[in-house]
Structure formats: C-alpha cells, structure tokens
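Enquirer: Once you've had a glance at the structure underneath, I'll fire off some questions.
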Amino acid sequence: MEPVEINAGAYYLRAIRNDSRFDDRPRLVEGFTDPEFVRWLPHLRVSDLASAGEYIARRDADWAADRRYSWAVADPVTGVMLGEVLLKEVDLAAGTAEAGVWAHPDARGKGMITQALAAVLRFAFGGLGLTEVTYQHSAGNEASGRVAAKLGFTTFRDHGLAVPADIVVLVARNAPGEPVVG
Numbered sequence: 001m002e003p004v005e006i007n008a009g010a011y012y013l014r015a016i017r018n019d020s021r022f023d024d025r026p027r028l029v030e031g032f033t034d035p036e037f038v039r040w041l042p043h044l045r046v047s048d049l050a051s052a053g054e055y056i057a058r059r060d061a062d063w064a065a066d067r068r069y070s071w072a073v074a075d076p077v078t079g080v081m082l083g084e085v086l087l088k089e090v091d092l093a094a095g096t097a098e099a100g101v102w103a104h105p106d107a108r109g110k111g112m113i114t115q116a117l118a119a120v121l122r123f124a125f126g127g128l129g130l131t132e133v134t135y136q137h138s139a140g141n142e143a144s145g146r147v148a149a150k151l152g153f154t155t156f157r158d159h160g161l162a163v164p165a166d167i168v169v170l171v172a173r174n175a176p177g178e179p180v181v182g
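For the sequence shown, full-length UniProt numbering begins at 1 and goes up steadily by one.
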C-alpha cells in the first residue's frame, strides 16, 4: 500500500520523509537519543543522520509490504515532525495490528499522541477493517498508560504473547456494528 495521509485535527499525519520538502532525519535523531525515549525504548537506535535515513527507508519498505504503517505526526502549518504513530505487526487477513507511538521531547504533554493515535485507530478500524489493535508499554510508563486509557484500550489478560512481566498489554476492539474507537 502507498502511504496514506490523515488529517488528525490539530495535527497532520504523513509519511516520514527525507526529500526536497521534508527532512525528518534530524528530528528522528533528537527523538531517539532523548534520555526519556531511551529509557522506555532502549532497543530502538537512531543515533545519526545515516541511521535516520535507514529508518525512513525501512518505513517506506514496510508500507509497500503491508507489514507496518507509520506516520510522522506533523505540525499542519510548518510540517515539522512532532512524533510518530504506527501500526506494526499488521495482519490484514486476521484483522489485527499493534499500535506504537513516541513524541519528540518538545512535543510531549500536549495531547498530540492521543489525538494522532485516535486518528490512526479510526483508519485502522474504518479504513483497513481491523477488528483488534493491541498496545504495549512498560508498567512504569505513565504517559503511555494515559494515552491508552483515554483511547479506551483495556487490559488484555489472555493474550498468549511472550512479553516481560513489566510490560502491560492492552487491546482496543471494534466489533461489527460498534462505533469506531477514537
């Protein structure tokens, strides 16, 4: 699938880019090297412009392969990248995916991720026809917990996933005939 752009109200969701219009690489490096980001997502490494370019190339390939859909959450006027929301582990046949998010240090605490993820959930359930989206976060990550709670995610106890004990797994479901989440 080609990347889909989404109007998320106060924010604009677009593909992460490095082209003549937008160079998101510096914002990726700033976000991924921020101590708070590293604290919660230590397995993700983007430490320089080259690795940021590789990250963007992987996201482009993921869209084409229908395995992960990723959006830069951008300021609608300037286009500056404020964070990222994504659907990973996408299984269109099964109707499932996992949501992921992060915010640039200067964009945290403003409700941006909640608004952006709500728009992505509407796309996931309404546009892609997904029926279940999971969301995982570290037990101590209160900001991620607030996002999940605001969007109606509930604890997913019988998930059968091999996850560490300090990871909280939540789920949002969109049953036939039910309103779309968000």
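Just so it is clear, CB atoms sit at the ideal spot from N, CA and C, and this is done for glycine as well.
What residue range is occupied by the uninterrupted alpha helix (DSSP H) comprising V77?
Expert: The residue given as residue 77 occupies position 77 in the sequence shown. No alpha helix (DSSP H) contains V77, which DSSP labels as neither H nor E.
Enquirer: For A97 and A64, which I take to be in contact (beta-carbon distance under 8 angstroms), what is that distance rounded to the nearest angstrom?
Expert: Here residue 97 corresponds to residue number 97 of the sequence shown, with the count starting at 1. Here residue 64 corresponds to residue number 64 of the sequence shown, with the count starting at 1. Between A64 and A97 the Cβ distance is about 16 angstroms, and since that is not below 8 angstroms, they are no contact.
Enquirer: Just to confirm before moving on: does the CB-CB distance between L130 and G95 stay below 8 angstroms?
Expert: Taking the sequence shown and counting its residues from 1, one reaches residue 130 at position 130. Taking the sequence shown and counting its residues from 1, one reaches residue 95 at position 95. Yes, they are a contact pair.
Enquirer: Measure the alpha-carbon distance for T155 versus Y12 and round it to whole angstroms.
Expert: Looking up residue 155 in the sequence shown gives position 155. Looking up residue 12 in the sequence shown gives position 12. Roughly 29 angstroms separates the two Cα atoms.
Enquirer: Going by DSSP, which residues form a beta bridge with Y69?
Expert: One-based indexing of the sequence shown puts residue 69 at position 69. Answer is L87.
Enquirer: When the Cα atoms are used, what is the spatial distance from G177 to R25?
Expert: Stepping through the sequence shown from its first residue, residue 177 is reached at position 177. Stepping through the sequence shown from its first residue, residue 25 is reached at position 25. Legend: pLDDT at G177 = 46, less than 50; position of this residue unreliable, value from coordinates given subsequently. Cα-Cα distance, rounded: 41 angstroms.
Enquirer: Have a look at the DSSP bridge pairing and note the partners of R14.
Expert: The sequence position of residue 14 within the sequence shown is 14, counting from 1. According to DSSP, R14 bridges with A72.
Enquirer: Within a Cβ cutoff of 7 angstroms, which residues of the same chain sit near R67, ignoring the five residues on either side of it in sequence?
Expert: Here residue 67 corresponds to residue number 67 of the sequence shown, with the count starting at 1. Excluding positions up to five away in sequence, the list reads V90.
Enquirer: My guess is that G31 and P105 are in contact by the Cβ rule of under 8 angstroms, so how many angstroms apart are they, rounded?
Expert: Indexing the sequence shown from 1 puts residue 31 at position 31. Indexing the sequence shown from 1 puts residue 105 at position 105. The Cβ separation is near 7 angstroms, so the contact holds.
Enquirer: Quick one, are the C-beta atoms of P112 and V73 less than 8 angstroms apart?
Expert: Position 112 of the sequence shown, counted from the start, is the residue given in the question as residue 112. Position 73 of the sequence shown, counted from the start, is the residue given in the question as residue 73. Correcting the residue type first, residue 112 is Met in the shown sequence and not Pro. Closer than 8 angstroms, so yes.
Enquirer: Would you verify that the beta carbon of T154 is, or is not, closer than 8 angstroms to some beta carbon of chain B?
Expert: The displayed structure is made up of one protein chain only, and chain B is not part of it.
Enquirer: Counting C-beta neighbours from all protein chains within 10 Å, is the total for P3 16 or more, i.e. buried, or is it exposed?
Expert: Locating residue 3 in the sequence shown gives position 3, where the first residue counts as 1. Flag for P3 reads buried.
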